[in-house]
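Just so you know, the sequence shown maps onto residues 9 to 541 in my numbering. Yeah, the Cβ is synthetic: ideal placement off N, Cα and C, and Gly gets one too.
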Amino acid sequence: MTTTEAPPAAPKPPHHTPARRTLAFLRNTWRGLTSMRTALVLLFLLALAALPGALLPQRKLNAPKVDEYIAAHGWWGTLLDKLEFYDVYSSIWFSAIYLLLMISLVGCLTPRSFEYVKAMRAKPVLTPRNLARMPHYRLGRGKTDVTAEIAAVHKQLSGWRRVEREEAGGVRTISAERGFLRETGNLLFHFSMLGLIVFFALGKLFSYEGQVIVQADGSTFCNSGIYNYDSFNAGLRVDGTDLNPFCVKVNDFTARFTASGQPDYYHSNIEYQSGADLDTNTWRPYGLEVNSPLRTAGDRVYLLGHGYSPKFTVTFPDGTQRTQNTQWRTVDPATMLAEGATKFDQPGVTDEVQRRTRQLAITGLFAPTAFLHGNVLTSSAPEASDPAVAVDVLRGDLGLDSGRGQSVFEVDQSRVDDGRLKKVARENLKVGQEIKLDDGTKIRFDGVGQWVSLQVSHDPTQGFVLGFAIAMFLGLGASLLVKRRRLWVRVKPGTEDDPGTVIEVAGLARTDQAGYGEEFHRVSERLLGGQKG
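Now the structure itself:
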């Protein structure tokens with residue numbers, strides 16, 4: 009019995025090997041990523057991804073507002089939090105789109121730049137044999153010889169990229185092109201967009217932004233460290249130890265409101281010092297307004313808003329007095345109704361246990377223009393024309409020396425709940441009125457001051473971002489308004505019976521013909537000297 013062996017399997021073609029397939033997949037992925045269509049899609053996705061950052065509260069800007077939004081929207085608010093919709097600009101998905109767009113632009117623009125340089129160095133194309141087939145064509149006659157006519161054509165086509173060539177029979181041609189600024193503008197737009205993305209990212213690394221409340225009574229703020237701020241957002245490369253040094257003194261604050269209570273005008277007279285002024289203690293005046301920030305030491309100081317600081321004087325049983333005007337938080341921007349807590353530590357008490365049982369907190373509401381609904385205080389207008397307070401006086405352990413930070417606007421509610429802080433009085437007070445506690449302590453409402461909210465912003469890439477943004481608009485304008493067009497001129501010598509020259513002029517728009525017919529007519533009129541053809 010004879011057995012036959014199966015023929016060996018044919019080897020796989022080289023392009024079917026795993027390495028080849030992987031290489032082909034990577035090459036196709038790179039080509040797709042670096043196409044202009046992909047770049048436009050990613051740009052659209054980036055704009056779409058930025059919408060939640062504008063529509064939803066962001067944790068870095070207003071963490072309490074985010075907590076309120078989550079609490080008000082239940083599972084939906086919690087889901088958005090898990091998807092990082094309250095931290096849009098630092099989220100993984102936004103950063104991924106941002107990075108892919110930058111890679112796509114680099115990969116797209118690199119070969120286009122080489123093609124652009126190659127096209128700029130290339131000579132205009134040859135003159136077609138049959139110019140009469142071009143979309144725009146005119147025929148005329150010249151009275152001088154070919155050399156003179158060609159020289160006149162060169163003069164008329166000043167500003168065009170052109171090349172002169174010779175053909176058989178003494179015929180000479182000129183090929184001219186114009187409108188390369190269109191492609192220049194296109195590249196400028198995309199390179200500017202790339203620069204904008206790069207410097208915007210660098211700005212996030214080296215920028216910082218801080219907010220601080222300063223009393224408008226000559227109080228001073230110095231940009232000497234992050235501990236001076238109420239809130240501080242630092243870039244990834246900023247540790248807060250090398251801030252640009254400057255100081256600001258807030259002397260006053262003026263606000264005007266419309267008849268409906270809307271703010272119409274904010275102004276604060278401030279003084280500032282930076283650079284050599286810090287060594288000489290020289291103060292320079294500046295009128296700070298909402299849309300007129302102070303620019304000094306490479307930083308910008310903005311006026312964000314204002315509020316009120318009720319002033320209280322506490323007279324303790326031993327006759328010692330303490331006065332404070334602590335800022336209170338605005339809870340109704342329309343009427344500037346505010347809430348807060350002014351805290352006092354009784355002087356002269358050396359025993360730590362006794363001191364922690366004698367601390368005072370004046371909490372409640374402040375109304376710049378008082379209005380009573382029964383016994384409930386509210387405000388009818390934002391101006392401080394009839395100020396009043398509705399206060400609860402708490403006595404006990406405020407936790408000021410517990411080692412834990414607490415809000416300047418409120419007391420630790422847990423200390424009220426467990427009895428370490430007890431309410432000892434409640435009263436509505438107008439300016440000059442006072443409360444007398446059971447131990448003889450007197451609390452007087454002396455009036456109200458004002459505070460301003462300042463924001464200090466530092467962004468070393470701001471000028472570059474502005475420059476690239478302007479360049480983007482210039483490039484976009486050039487790419488939309490400039491048209492690529494070509495022009496050919498052929499000059500033939502005449503005969504003995506018909507001396508002179510025959511001049512053919514033809515034109516072609518590279519992109520679209522809108523408007524080129526009029527330009528071609530004007531150019532050909534000059535070249536043919538008004539002859540009909």
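Alpha carbon of residue i to alpha carbon of residue j, nearest angstrom
| i | j | result |
| --- | --- | --- |
| Gly283 | Leu213 | 24 Å |
| Ala514 | Glu175 | 17 Å |
| Thr449 | Gln441 | 14 Å |
| Asp272 | Thr266 | 6 Å |
| Val399 | Gln66 | 33 Å |
| Val432 | Ala342 | 32 Å |
| Asp425 | Val401 | 15 Å |
| Tyr235 | Ile221 | 13 Å |
| Phe324 | Thr331 | 11 Å |
| Tyr280 | Tyr294 | 8 Å |
| Gln270 | Gly407 | 39 Å |
| Gly203 | Phe476 | 6 Å |
| Gly2 | Arg308 | One cannot answer for residue 2 here, as it falls past the ends of the chain, which runs 9 to 541. |
| Arg498 | Ala184 | 12 Å |
| Trp84 | Leu91 | 11 Å |
| Lys438 | Ala396 | 4 Å |
| Asp393 | Val339 | It should be pointed out that residue 393 corresponds to Ser in this sequence rather than to Asp. The straight-line gap from Cα to Cα measures roughly 18 Å. |
| Met44 | Leu50 | 10 Å |
| Tyr124 | Gly483 | 15 Å |
| Gly150 | Val510 | 6 Å |
| Gly327 | Phe320 | 15 Å |
| Met344 | Thr118 | 57 Å |
| Leu251 | Phe472 | 21 Å |
| Tyr274 | Thr262 | 6 Å |
Residue from the options whose Cα sits closest to the Cα of residue i
| i | options | result |
| --- | --- | --- |
| Thr350 | Asp285, Leu244 and Leu368 | Leu368 |
| Asn259 | Ser387, Gly248, Phe229 and Asp238 | Phe229 |
| Gly315 | Thr304, Ala375, Asp95 and Val49 | Ala375 |
| Gln470 | Thr503, Thr334, Asp405 and Arg303 | Arg303 |
| Glu360 | Ser388, Asp409 and Leu385 | Asp409 |
| Leu189 | Ala127, Asn231 and Thr155 | Ala127 |
| Gln458 | Gly306, Leu63 and Trp336 | Trp336 |
| Arg429 | Asp447, Arg403, Val416 and Asp446 | Going by the sequence as given, residue 429 is Leu instead of Arg. Taking only the C-alpha atoms, the option nearest Leu429 is Arg403. |
| Asp238 | Val531, Asn70 and Pro60 | Asn70 |
| Met480 | Ile111, Ser200, Pro501 and Phe93 | Ser200 |
| Thr334 | Ile370, Leu109 and Asn383 | Ile370 |
| Ala305 | Asp225, Val256, Pro390 and Ile158 | Val256 |
| Phe93 | Lys68, Leu113 and Leu107 | Lys68 |
| Arg534 | Trp291, Ala130 and Ala160 | Ala160 |
| Trp291 | Asn277, Ser300 and Ser532 | Asn277 |
| Trp496 | Met142, Phe52, Leu53 and Cys116 | Met142 |
| Lys500 | Ala242, Ala263, His381 and Ala156 | Ala156 |
Simplified DSSP state of residue i, which is helix, strand or coil
| i | result |
| --- | --- |
| Lys500 | strand |
| Phe485 | Note that residue 485 is Gly in the sequence shown here, rather than Phe. It is helical. |
| Pro36 | Here residue 36 turns out to be Asn, not Pro, going by the sequence shown. The answer is helix: DSSP assigns Asn36 an H, G or I state. |
| Leu244 | coil |
| Pro72 | helix |
| Lys151 | coil |
| Asp307 | strand |
| Trp84 | helix |
| Ser415 | coil |
| Thr30 | helix |
| Trp459 | strand |
| Gln164 | helix |
| Phe261 | coil |
| Ala130 | coil |
| Asp447 | coil |
| Gln281 | strand |
| Thr249 | coil |
| Tyr237 | coil |
| Ala47 | helix |
| Ala267 | coil |
Same chain only: Cβ atoms within 6 Å of residue i, ignoring 5 sequence neighbours per side
| i | result |
| --- | --- |
| Leu244 | Leu213 |
| His144 | Gly515 and Phe528 |
| Gln362 | none |
| Lys444 | Lys450 |
Cut-off 8 Å between Cβ atoms - residues of its own chain near residue i, not counting five sequence neighbours on either side
| i | result |
| --- | --- |
| Lys163 | none |
| Val96 | Ala57, Ala58, Pro60, Gly61, Leu64, Gln66 and Phe102 |
Residues near residue i by beta carbon distance below 7 Å, same chain, minus five either side
| i | result |
| --- | --- |
| Arg364 | Asp405 |
| Val133 | Ser183 |
(request) Go through the region 167-230 residue by residue and report every complete run of the alpha helix (DSSP H) that reaches 4 residues or more, in order. (result) 189-214
(message) In chain order, what are the residue ranges of uninterrupted beta strand (DSSP E) at least 3 long that sit wholly in the region 325-410?
(response) Within the region 325-410, the complete beta strand (DSSP E) segments at least 3 residues long are 329-333, 337-340, 345-352, 367-375, 378-381, 384-387 and 396-404, listed from N- to C-terminus.
(request) Just list the alpha helix (DSSP H) runs in the region 90-119, keeping only unbroken ones of 4 residues or longer that don't cross its boundaries, in chain order. (result) none
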